[in-house]
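Read top to bottom, the protein sequences are chains A and B. If you read the first sequence in the working numbering, its first letter stands for residue 12, the second for the next number, and so on. If you read the second sequence in the working numbering, its first letter stands for residue 12, the second for the next number, and so on. Note that CB positions come from ideal geometry on N, CA and C, so glycine has one too. None of these values were measured; they are calculated from a predicted model.
There are 2 protein chains.
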Amino acid sequence: MAAERKGGVTISQVAKEAGVARSSVSRAYTRPDMLSPETVERIKAAAGKLGYVPNHTARALSTGRYGNLALIVPDVANPFFPPMIRAAQVEADRSDFCVFLGNSDEDPEKEDQLLGRFSGQVEGIILASPRLSDERIAAHALLRPLVLINRDVKGIPKVLIDSGTGIAEATQHLADFGHRNIVYVSGPSTSWSNKQRRAAVRRASKKLGLELSFVSASVPSFEAGLQAVDAILAKGATAAIAFDDVTAQGILAGLGERGVSVPGEFSVVGCDDALGPLTVPSLTTVSSRSIEAGKLAVSLLLEVLESQAVRDASYVLETHLIIRSTTGKAP
Amino acid sequence: MAAERKGGVTISQVAKEAGVARSSVSRAYTRPDMLSPETVERIKAAAGKLGYVPNHTARALSTGRYGNLALIVPDVANPFFPPMIRAAQVEADRSDFCVFLGNSDEDPEKEDQLLGRFSGQVEGIILASPRLSDERIAAHALLRPLVLINRDVKGIPKVLIDSGTGIAEATQHLADFGHRNIVYVSGPSTSWSNKQRRAAVRRASKKLGLELSFVSASVPSFEAGLQAVDAILAKGATAAIAFDDVTAQGILAGLGERGVSVPGEFSVVGCDDALGPLTVPSLTTVSSRSIEAGKLAVSLLLEVLESQAVRDASYVLETHLIIRSTTGKAP
DNA sequence: CTATGCTGTGCAACCGGTTGCATGTCAACC
DNA sequence: GGTTGACATGCAACCGGTTGCACAGCATAG
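Dropping the structure here:
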């Protein structure tokens, strides 16, 4: 009968069963062309009989090829990330890689820690929207192939979602509707995306001659958006561009509480298209392309692993405005 | 200067630097009490100087303790899962475990494959809402500790979210509002949760003397909800209980398109509280406790690992109705 | 002053594979 | 018919840790 012990069947047991050396069993799996077809068959038969499954870990130790990669995100539960995670997953799977997922909870320390924990058992790491300092990121990149998403550190390959283009379109869109005074509700100060969006809205406003002010929602959350509403209204603006969709949604709720109709009296634009058309009224937002970013980051990482060269590649994904129902003519 | 070679610093290098045997370095980390305090300190100093990080994989090979666990879900992007994933992550982290994440894409085959791929490098696996057959699940459970979420297979430890209690409350809530004819919009047929919810709404309706009919939305998605609206209205019902929040959201959108006001003319109840209060109007729903489920599943798994005994434990989490703004008096 | 026991450290085998090199066999070639 | 070389396989070292056991040194007990 087939062995069923918890410990698992080893290469030695198969070797004995098939009457060959351990190395031959190994080769039957890794380089069958080196062995005669009959031997391979005999080994496979013995392996099948015993229920042998190669030990991933042991193999990783001697080859240094782990067949694993890690993906670290600040918050799994933020709707921006799940589609990205999923895409990365699928892409990794296509090349037989397993994915470790890390959640840093928006905490740089935690991120650092996770990086250390994973680094011993993966071939490469993808850091999405890291909150870590450039120096620490660079340090980790020395130890192990690293690909960044939405962060620009010199010399490290990256995938950037350029929300600047979409934000510019959004600003134009609001100007077209006659808005003259708008607010940008900013996100985490350590976020590269936030800096980029903030700069884009500033640039576009200047060009279009709009009056622009800032309100800060330090974390991207529904509550933060809700709480920002009074400050937004105090600015005398007629439209707001929010750091992300979740914040925008909070703003919508807050406006609703205060009886301000959207888009009749006030227009709102989100960013990242994380909620899709799921909301009522549906949110005008900037596309995020997070799915492509996830997929691209993985294939870029695999490419780096294969070529050994640390190519300083950057992929930039442009974004566009998605017009739905929360924007309209200025009152 | 600190070594910077890609390969990483090994225990031997540290041993040489500190002038001790490899075993002492190992013990400095695993059983410092066996060494004199000065020696430990000297080793740690040398390790720090060289930038030594213990190799997780090598350790796993010799101890058989991988320090990894896998979590497999049908769809990372379904908002029900991210909070659960996050909670599992955090709980695993507390015990220094790393988490592999698998996405089965709602495909039983894929699930089976992932299970196989992971099983060589983890100590245990958590299967959330599996679509796999009972037999295959049982087979995998023989090889390696397994904990289920929202699936009931005899002899395997599990965490069940009992949405029955919440659904019963929802039905009662609708009856209290004078609804006499309601619809249950069902989810995936292979889903244990769907079976359970369907049974609960049937039981409660019978007890309360409500007229109940069924509409099927085979996958839980916004579109499926949207498309179910005509069928729902055709039943002559005044309220619907949906398999989950995403479906409910689709139903809301569909009703909006047809000019049916909510909750004035029609009431809608979701399930899983996956969207929180993020929507407008905010959705009356059944709490999901997915966060607790994720956390519990991990601690249960760790317990099983520790005790070696395959306890046939079940944790059942009761749910409750969360009343928001999509339910009201029957027209 | 020798027997006993404890503490701190080193030696070497082991975890389960991979891989460079050596060896043996046999056919083709000169 | 001896040499050459290709091919199939085995040996043994190695990946980077862990751990049982041996042993040296020293203090305490008899």
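Residue j beta carbon less than 8 Å from that of residue i
i        : j        : result
A/Thr68  : B/Tyr77  : yes
B/Leu266 : B/Phe277 : yes
B/Ala304 : B/Leu332 : no
A/Leu219 : A/Gln183 : yes
A/Leu312 : A/Gly135 : yes
B/Pro94  : A/Ala88  : yes
A/Pro231 : A/Pro199 : yes
B/Phe188 : B/Thr337 : no
B/Phe108 : B/Ala139 : no
A/Val309 : A/Glu102 : yes
A/Asp86  : A/Asp116 : yes
A/Val271 : A/Thr295 : no
B/Val196 : B/Ala245 : no
A/Leu46  : A/Ser34  : no
A/Arg335 : A/Pro168 : no
B/Leu20  : B/Leu61  : Rather than Leu, the amino acid found at residue 20 of chain B in this sequence is Val. Their beta carbons are under 8 Å apart, which means B/Val20 touches B/Leu61 by this criterion.
B/Pro90  : A/Pro90  : yes
B/Val226 : B/Ala239 : yes
Through-space distance from residue j to residue i, alpha-carbon basis
i        : j        : result
B/Glu15  : B/Gln124 : Only weak support is given to the placement of B/Glu15: the predicted model assigns it a pLDDT of 40, under 50, and the value that follows is read from those uncertain coordinates. Taking the straight line joining both Cα atoms gives about 38 Å.
B/Phe233 : A/Thr290 : 10 Å
A/Phe111 : B/Val273 : 43 Å
A/Ala13  : B/Ile148 : Residue placement at A/Ala13 is poorly supported in this model, since its pLDDT is 35, which falls under 50; the coordinates still yield a value, given next. Their Cα atoms are separated by approximately 19 Å.
B/Ala248 : B/Ile193 : 5 Å
B/Arg269 : B/His190 : 21 Å
A/Ile83  : B/Asp241 : 43 Å
B/Gly175 : A/Ala57  : 50 Å
A/Asp44  : A/Arg70  : 19 Å
B/Arg38  : B/Leu80  : 25 Å
A/Lys306 : A/Ala99  : 5 Å
B/Ala264 : B/Leu237 : 7 Å
B/Leu185 : A/Ser216 : 50 Å
B/Glu383 : A/Gln207 : Since the displayed chain B opens at 12 and closes at 342, residue 383 of chain B lies outside it and no answer follows.
A/Leu221 : A/Lys121 : 40 Å
B/Arg214 : B/Val297 : 17 Å
A/Leu154 : B/Ile22  : 17 Å
B/Arg97  : A/Leu143 : 20 Å
A/Val25  : A/Tyr63  : 7 Å
A/Val164 : B/Ser293 : 41 Å
A/Ser325 : B/Val51  : 45 Å
B/Gly75  : A/Val212 : 54 Å
B/Ala285 : B/Gly177 : 14 Å
B/Ser106 : B/Arg300 : 22 Å
A/Thr330 : A/Arg209 : 15 Å
B/Gly127 : A/Asp256 : 38 Å
B/Thr201 : A/Asp173 : 41 Å
Under 7 Å from the C-beta of residue i: neighbouring residues of chain B
i        : result
A/Arg128 : Cys109
A/Arg97  : Val87, Ala88 and Asn114
A/Pro342 : What A/Pro342 touches in chain B: nothing, since even the nearest Cβ is about 20 Å away.
Contacts that residue i makes with chain A (C-beta to C-beta distance below 9 Å)
i        : result
B/Phe233 : Gly287, Pro288 and Leu289
B/Val230 : The premise fails here: B/Val230 is roughly 15 Å from chain A at the closest Cβ pair, so nothing lies under 9 Å.
Within chain A, partners of residue i - CB distance below 8 Å
i        : result
B/Gln100 : Val87, Leu112, Gly113 and Asn114
B/Tyr77  : Thr68
Legend entry - Near-chain A residues of the segment 58-73 of chain B - C-beta to any C-beta below 9 Å: Gly62, Val64, Pro65, Asn66, His67, Thr68, Ala69, Arg70, Ala71 and Leu72
Inset, instruction - Check each residue of the segment 277-299 of chain B: if its Cβ is closer than 9 Å to any Cβ of chain A, include it; give the result in chain order. - result: Leu286, Gly287, Pro288, Leu289, Thr290, Val291, Pro292 and Ser293
Legend entry - Where the segment 185-198 of chain A meets chain B: residues whose CB sits under 9 Å from a CB there: none
Inset, instruction - Jot down the residue ranges of each uninterrupted beta strand (DSSP E) in the segment 195-259 of chain A, minimum 3 residues, whole runs only, in chain order. - result: 222-227 and 250-253
Inset, instruction - Check distances from the C-beta atoms of the segment 263-277 of chain B to those of chain A and list, in chain order, the residues that come in under 7 Å. - result: Leu263, Ala264 and Gly267
Legend entry - Residues of the segment 113-145 of chain A with Cβ closer than 9 Å to any Cβ of chain B, in chain order: Gly113, Asn114, Asp116, Lys121, Gln124, Leu125, Gly127, Arg128, Phe129, Ser130, Gly131 and Gln132
Inset, instruction - Please go through the segment 80-156 of chain B and give each complete beta strand (DSSP E) segment of 3 or more residues, from N-terminal end onward. - result: 109-114 and 135-139
Inset, instruction - Scan the segment 230-261 of chain A for residues whose Cβ lies nearer than 7 Å to a Cβ of chain B and list them as they occur along the chain. - result: Phe233 and Gln260
Inset, instruction - Please name the residues in the segment 156-168 of chain A whose beta-carbon is closer than 7 Å to at least one beta-carbon of chain B, in chain order. - result: none
Inset, instruction - Please list the residues of the segment 43-54 of chain A that have a C-beta atom closer than 8 Å to any C-beta atom in chain B, keeping them in chain order. - result: none
Legend entry - Residue ranges of each beta strand (DSSP E) within the segment 264-293 of chain B, 3 or longer: 278-280
Inset, instruction - At 3 residues or longer, and completely inside the segment 16-85 of chain B: list those beta strand (DSSP E) runs for me, N to C. - result: 79-84
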